[in-house]
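Q:
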Amino acid sequence: NAGVTQTPKFQVLKTGQSMTLQCAQDMNHEYMSWYRQDPGMGLRLIHYSVGAGITDQGEVPNGYNVSRSTTEDFPLRLLSAAPSQTSVYFCASSYYRRMGMAEAFFGQGTRLTVV
Amino acid sequence: KNEVEQSPQNLTAQEGEFITINCSYSVGISALHWLQQHPGGGIVSLFMLSSGKKKHGRLIATINIQEKHSSLHITASHPRDSAVYICAVDSGAGNKLVFGAGTILRVKS
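Residue numbers (this note's numbering), protein chains in the order written: chain A, 31 to 145; chain B, -10 to 98.
(1) Since residue 119/A meets chain B, which of its residues come closer than 9 Å, beta carbon to beta carbon?
(2) Establish whether the CB of residue 71/A and some CB of chain B are separated by less than 8 Å.
(3) Checking contacts by CB at 8 Å: is residue 136/A closer than that to chain B?
(4) Does DSSP put residue 68/A in a helix, a strand or coil?
(5) In this structure, does DSSP put residue 69/B in helix, strand or coil?
(6) Would you call the segment 101 to 117 of chain A and the segment 76 to 89 of chain A touching, i.e. three or more CB-CB distances under 8 Å?
(7) Say whether the segment 74 to 81 of chain B touches the segment -8 to 8 of chain B, bearing in mind that this needs 3 or more beta-carbon pairs closer than 8 Å, one atom from each stretch.
(8) Select from 89/B, 23/B, 97/B the residue whose C-alpha is nearest the C-alpha of residue 70/A.
(9) Excluding sequence positions up to five away, which residues of its chain have a Cβ less than 6 Å from the Cβ of residue 67/A?
(10) Can you give the Cα-Cα distance for residue 99/B and residue 93/A, rounded to whole angstroms?
(11) Round the Cβ separation of residue 33/A and residue 57/A to the nearest angstrom and send it over; I've been treating them as touching at under 8 Å.
(12) Taking its Cβ as the centre, do 16 or more other Cβ atoms sit within 10 Å of residue 96/A, making it buried, or is it exposed?
(13) If I measure Cβ to Cβ from residue 107/B and keep anything under 8 Å in the same chain, skipping five residues before and after, which residues do I get?
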């Protein structure tokens, strides 16, 4: 059971380049989300999905795009990378509950540097 | 003011000491999560609680809903407990977690 798998682990981009961070889970979780972690700040929600075909914006969605075509995969796209997007990105999945999230499972993170 | 405040920000302890990390929040919640992040590593869920107290090994988590406060305790601390401990709250609306900034714990042998 692999859990939540994120790729790549490290990435350096030039300003203006685009790329996709991959996230896959094998636990049949309905809920998936992307967070960014910056020094001195808590994780902040970028986008989330409560099921295949359903996505919504979080706290800091600008510059990012997501889609959810399958239950397993939830890729995060950087449309035109900017230095402000230098961060560590985490994907997470959970069972969906009407009254809030169940235990969350996180990927190992992607450390992204935009130069 | 952040919705979730953790204290202390940094904590250094000697091996064997009893450790307490605090989390205060300002919103109504359906659940509170405690997470652990090792250096360079991923994030692992330790506890999810909505009332009372939970225990797992040397870790104990408590929550007081009326006071909007939770504590994470580590008994008989060990250097392998060195990590960042993160508190997150779930308001129950839209399945969104709001995170504290984390407490960096270092346990010296």
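A virtual CB, placed ideally from N, CA and C, is assigned to each residue, including glycine.
A: In short, the structure shows the following:
(1) Counted from its first residue, the first sequence places residue 119/A at position 89. By Cβ distance, chain B contributes nothing, its closest Cβ being about 12 Å from residue 119/A, past 9 Å.
(2) To locate residue 71/A, count along the first sequence from 1; it is residue 41. Residue 71/A belongs to the set of residues whose beta carbon lies under 8 Å from a beta carbon in chain B.
(3) Residue 136/A sits at position 106 when you count from the first residue of the first sequence. Yes - at least one Cβ of chain B is within 8 Å of the one on residue 136/A.
(4) Position 38 of the first sequence holds residue 68/A. Note: residue 68/A maps to coil in three-state DSSP.
(5) In the second sequence, residue 69/B corresponds to position 80, counting from 1. It is helical.
(6) With three or more CB-CB distances shorter than 8 Å, the segment 101 to 117 of chain A counts as touching the segment 76 to 89 of chain A.
(7) The segment 74 to 81 of chain B vs the segment -8 to 8 of chain B: in contact.
(8) The residue you call residue 70/A lines up with position 40 of the first sequence. Comparing alpha carbon positions, the residue from 89/B, 23/B, 97/B closest to residue 70/A is 89/B.
(9) By 1-based counting over the first sequence, the position of residue 67/A is 37. Hits under 6 Å: 73, 118.
(10) For chain B, the structure presents residues -10 to 98; residue 99/B sits outside this window and is missing.
(11) Against the first sequence, residue 33/A aligns to sequence position 3. Against the first sequence, residue 57/A aligns to sequence position 27. Contact check for residue 33/A and residue 57/A: beta-carbon distance about 7 Å, within the 8 Å limit, so the pair qualifies.
(12) Counted from its first residue, the first sequence places residue 96/A at position 66. In this structure residue 96/A is buried. Its beta-carbon is surrounded by 16 or more other beta-carbon atoms within 10 angstroms.
(13) Not covered by the structure: residue 107/B. The range shown for chain B is -10 to 98.
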